[in-house]
Amino acid sequence: MKVAILTGGGDCPGLNAVIRAVVRRGEQHGFDLLGVREGWRGLLENDHFRLNREAVSGILHLGGTILGTSRTNPFKKEDGPRKVIESLRRNNVDAVVAIGGEDTLGVAKRLFDLGVKVVGCPKTIDNDLSGTDYTFGFDTAVSVATDAVDRLHSTAEAHNRVIVCEVMGRHAGHIALHSGLAGGADVILIPERPIVLDEVCQHVRTRLARGKRFSIVVVAEGAQIEQGKDQAVSKELDEFGHVRLGGIGNQLAREIERRTGVETRATVLGHIQRGGTPTARDRVLGTRYGVFAADLVRDGRWGFMAALHGDSIVAVSLEEATRSLHLVDPKLYEVAEVFFG
Ligand code: F6P
2 MKVAILTGGG DCPGLNAVIR AVVRRGEQHG FDLLGVREGW RGLLENDHFR LNREAVSGIL
62 HLGGTILGTS RTNPFKKEDG PRKVIESLRR NNVDAVVAIG GEDTLGVAKR LFDLGVKVVG
122 CPKTIDNDLS GTDYTFGFDT AVSVATDAVD RLHSTAEAHN RVIVCEVMGR HAGHIALHSG
182 LAGGADVILI PERPIVLDEV CQHVRTRLAR GKRFSIVVVA EGAQIEQGKD QAVSKELDEF
242 GHVRLGGIGN QLAREIERRT GVETRATVLG HIQRGGTPTA RDRVLGTRYG VFAADLVRDG
302 RWGFMAALHG DSIVAVSLEE ATRSLHLVDP KLYEVAEVFF G
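First residue of the sequence shown? That's 2 in the working numbering, and the numbers climb one at a time after it.
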């Protein structure tokens, strides 16, 4: 059986662990493996190379993806789906392992509906994919963001400042909530709840009244001061209809300083959360997902994705995984609120 592997969407720590695991397990099953360059673009443009044990040697601990990635959406290209199917046929590819988030796996699901034999692996630092408790990459992003919050604490305290730390999280505030909880943030703001500036400033004032002249605010990039008004830095849409986010941290910092009189600065973590070495947890999770995905292919379980339920890896349909987003559990946010102000 010939199996093509691709990584799509934003990169994510642990992608190489998954690729390595699919190849190693796939070779045990007797598969011929192909690496597709830059996500769905490589299938549209027939751009791929042979993958074997040698090709994936020494990549487990590396960030990024040896396959490259892109936000190419074949359903936005003229005749795109037909070209993908034709490219698979021409190269005698029997099955595709798609490693990605809601967009990449959404494409996988639509291609599966058209008859393509595809299985998925859940990737995204945002952890907003349904059907799985955790996506790989999230743990690394939370570790990076927590380290940043720890560092911001000491400088905020030294200067008696409020520091706003903007983290990623387009639709869901998992990174903000987990890093804010782990780092002891005084306020955590997430896309699931509109920001109420009066409340944020009240927390800063409460701390001032207790003699705490500094505060740490963690905000997810997708959080909004007013519902419906996004803080996009660019109105240009990508092929999946997303605007580029960023800017809420600076906007908040200006408002907090204006309303409380406390000097306020913003730090935007951006892609630092996505780059670099995956944590041990992400390497292990990615490896388990990759082995399971190869087994899904062996068993012909098309249209399914590897998922984590509790401590078990299980199969979940791509339909279920892409139907809706996995948002923050309000109960966990309530836990974080105990420590606000
Ligand atoms: O991978 C998801 C994500 O990290 C979002 O939180 C963020 O909005 C987006 O990627 C930014 O990606 P890029 O800058 O690569 O377009």
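Here a beta-carbon is modelled for each residue, glycine too, at the ideal position from N, C-alpha and C.
Report whether the distance from the Cβ of ARG42 to the nearest heavy atom of the ligand F6P is below 7 Å. no
Looking at C-alpha atoms only, which residue of ASN92, THR141, ILE164 and LEU130 is the closest neighbour of THR268? ILE164
Counting pairs of Cβ atoms below 8 Å between the stretch 50 to 58 and the stretch 98 to 116, do you hit three or more? no
Sorry if obvious, but does the Cβ on ASP127 come closer than 7 Å to a heavy atom of the ligand F6P? yes
Reference LEU333, options ASP300, HIS179 and ALA322, closest by Cα: HIS179
So, under 8 Å CB-CB, THR189 and VAL145 are touching, yes? Tell me the CB distance rounded to an integer number of Å. One detail in the question is off: residue 189 reads as Ile in this sequence, not Thr. Going by Cβ atoms, the distance from ILE189 to VAL145 rounds to 16 Å, so no, they are not a contact pair.
Closer than 7 Å: MET169 CB and nearest the ligand F6P heavy atom: yes
So, helix, strand or coil for ASP33, using DSSP? strand
Taking the Cβ atom as the reference point for each residue, do PHE293 and ALA307 lie within a distance shorter than 8 Å? yes
Check whether the stretch 125 to 138 touches the stretch 164 to 175, counting contact only when three or more Cβ pairs, one atom from each stretch, lie closer than 8 Å. yes
Please say whether LYS110 and LEU319 have beta carbons closer to each other than 8 Å? yes
Do you know offhand how far MET2's Cα is from LEU286's? 25 Å
Determine the direct distance from the alpha carbon of ARG214 to that of GLY262, and round the result to whole angstroms. 11 Å
Collapsed DSSP secondary structure at GLY121 in the structure displayed: strand
Go ahead and pull the three-state DSSP assignment for ALA224. coil
Alpha carbon of GLY311 to alpha carbon of ASP134, nearest angstrom: 7 Å
So what's ILE191 in DSSP terms, helix, strand or just coil? coil
Through-space distance from GLY81 to HIS30, alpha-carbon basis: 31 Å
Beta-carbon spacing of GLY40, GLY9 below 8 Å: yes
Ignoring anything shorter than 4 residues or poking outside the stretch 46 to 122, list the alpha helix (DSSP H) runs there in chain order. 81 to 91 and 103 to 114
From LEU68 to ARG38, what distance separates their C-alpha atoms? 5 Å
Give the C-beta separation of ALA217 and VAL298 to the nearest angstrom, bearing in mind that I take them to be a contact with Cβ-Cβ under 8 Å. The sequence shown places Ile at residue 217, rather than the Ala named in the question. Not really, about 46 Å apart at Cβ, beyond 8 Å.
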